[in-house]
């Protein structure tokens, strides 16, 4: 019975995360760009990497594109405190676990 409730809680959490990411502003590839920011705060555990978007003629806002373990991308404001903390965590984590992995600027 306890195992079933843990499974349901995990399933509910994953469902909530999927709903939050469904409504985010997404960048689908390096050719697409963020035109707005998501309002959702993404859990650090769901992130596997990020890309930095610099402002240009087409992509007129600076953004961090967080890449999730589920394969989704979310555009967030790089000036937000929680984003800065997640970037510090990811930078340290990625440099320790995968030194060959680099951050791409678009």
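In the UniProt record's numbering, the protein residues as written are 1 to 106. Idealized CB from N, CA, C, for every residue including glycine.
Return the bridge partner residues of residue 67 from the DSSP annotation. Position 67 of the chain shown holds residue 67. 49 and 73.
Tell me which residues share the same chain as residue 34 and place their Cβ nearer than 7 Å to its Cβ, disregarding the 5 neighbours each side in the sequence. By 1-based counting over the chain shown, the position of residue 34 is 34. So the qualifying residues of the chain are 25, 27, 53, 59, 61, 63, 65 and 75.
Just to confirm, is the Cβ distance from residue 50 to residue 90 under 7 Å? Here residue 50 refers to the residue found at position 50 when the chain shown is read from its first residue. Here residue 90 refers to the residue found at position 90 when the chain shown is read from its first residue. Contact: yes.
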